[in-house]
Amino acid sequence: MARPVWTGVISFGLVSVPVKAYTATRDREIHFHQIDKATGARIKYDKVSAATGESVADDQIVMGYELSPGRHVTFEREEIAALRPDSTKAVQVLDFVDLEAVDPVYFDKTYWLGPDGPAAKEPYDLLLAAMEERGRVAVGQVVMRNKGRLAAIRPMGGLLAMSTMRYAEEVVAREDVPELPEERGEADQRAVDLALQVVDTMTSDWDPAKYPNTYVDELRDAIEKRADGIVEEPTAEERPAAVIDLMEALRASVEEAKKKAGGADDGESATG
20 MARPVWTGVI SFGLVSVPVK AYTATRDREI HFHQIDKATG ARIKYDKVSA
70 ATGESVADDQ IVMGYELSPG RHVTFEREEI AALRPDSTKA VQVLDFVDLE
120 AVDPVYFDKT YWLGPDGPAA KEPYDLLLAA MEERGRVAVG QVVMRNKGRL
170 AAIRPMGGLL AMSTMRYAEE VVAREDVPEL PEERGEADQR AVDLALQVVD
220 TMTSDWDPAK YPNTYVDELR DAIEKRADGI VEEPTAEERP AAVIDLMEAL
270 RASVEEAKKK AGGADDGESA TG
């Protein structure tokens, strides 16, 4: 049974919706330890002073912010903790905005929201239906793990979901990246027509299961083999031949996309 990571109340107008939040994503990353090759023991790190090279006890360590090279202002850990926002159990909806207006770059971590108790089901369904009908996202503030976050509450798969969001100052504007082109170039229409053929041929319904994390799967396989005493030599990755002519590359891409699409159709016919 999944355990909620947060419980609270969504408030819009005078309506309150008690909810529980459940993690909607899971970390499949494989974590390694650093090991001493000679002894097989784990590597540990000691907290040492850069000035003396000697170990420093935890109660002698303070938090420092560098104002300029070598110049810091320092705080006790308790002082930093006191500045964190109080953990509240309410999300006050500030605005409802169009879903299409929110760029995905703002979304961070997503949680499923479920009604907290039988009495919460009616207002939960009400908020869900209203946002689905209008195509809106509720924007508000939430405090999770003593950290204030912007949050978007939206319909997703017939339920409510809450995504923590980045604040505007956390998103890098294109003007802040001077390496980006200042103006878009004019594309050759013949090339655009070929590119459209590639796009149209490769267009399909969104199915996230089609895109597995092959790196993690291969890494797990390598770990299992290594545990069984099997050592495989790494194979060199084949690089596609460089195509200098853009039109030639587009024509080849159209043919390749058609072949793949034809193969997929044959597979569906064979299994249908």
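Heads up: the sequence shown runs through residues 20 to 291, numbered per the working numbering. C-beta: ideal position from N, C-alpha, C; glycine also. These numbers come from a predicted model, not from an experiment.
Within 7 Å, strictly: CB atoms of residue i and residue j
i	j	result
A43	T183	no
V36	L146	yes
L132	V156	no
V235	P142	no
L179	L213	no
T26	D127	no
V273	Q216	yes
Y84	V75	no
Chain D within 7 Å of residue i, Cβ atoms only
i	result
L33	This model lacks chain D altogether; it includes just one protein chain.
Rounded Cβ spacing between residue i and residue j (contact assumed at less than 8 Å)
i	j	result
K292	V28	Lying before the first or after the last residue shown, residue 292 is absent from the chain, which here runs from 20 to 291.
V124	A171	V124 to A171, Cβ: 13 Å. No contact.
W210	M266	Inspection of the sequence shows that residue 210 is occupied by Ala rather than by Trp. About 6 Å separates the two Cβ atoms, so the contact holds.
N232	R45	Not quite, the Cβ-Cβ distance comes to about 11 Å (not below 8 Å), so this is no contact.
Inter-residue spacing [alpha-carbon to alpha-carbon] between residue i and residue j
i	j	result
E251	I62	26 Å
G248	Y64	30 Å
I242	P227	26 Å
A276	M221	6 Å
A40	H50	26 Å
Q111	V161	8 Å
M82	A187	27 Å
P174	V38	14 Å
K166	L102	10 Å
P200	A206	14 Å
G154	D144	15 Å
A100	D78	15 Å
K66	P253	37 Å
I54	R245	15 Å
S68	M20	46 Å
M322	D264	As displayed, the chain neither begins before 20 nor continues past 291, which places residue 322 out of reach and without an answer.
G59	H52	11 Å
E202	A271	29 Å
G177	E189	30 Å
M150	V116	10 Å
R90	V24	39 Å
Which of helix, strand or coil DSSP assigns to residue i
i	result
Q160	strand
S87	strand
I99	helix
A180	strand
R168	strand
M20	coil
K128	strand
D114	strand
R155	strand
S272	helix
G59	coil
A70	coil
A40	strand
G281	helix
A109	strand
Any non-hydrogen atom of the ligand PLP closer than 6 Å to residue i Cβ
i	result
E237	Among the components of this structure there are no ligands whatsoever, and the ligand PLP is therefore not found.
For the region 185-260, list the alpha helix (DSSP H) runs that are entirely contained and at least 4 residues long, ordered along the chain.
-> 208-221, 233-246
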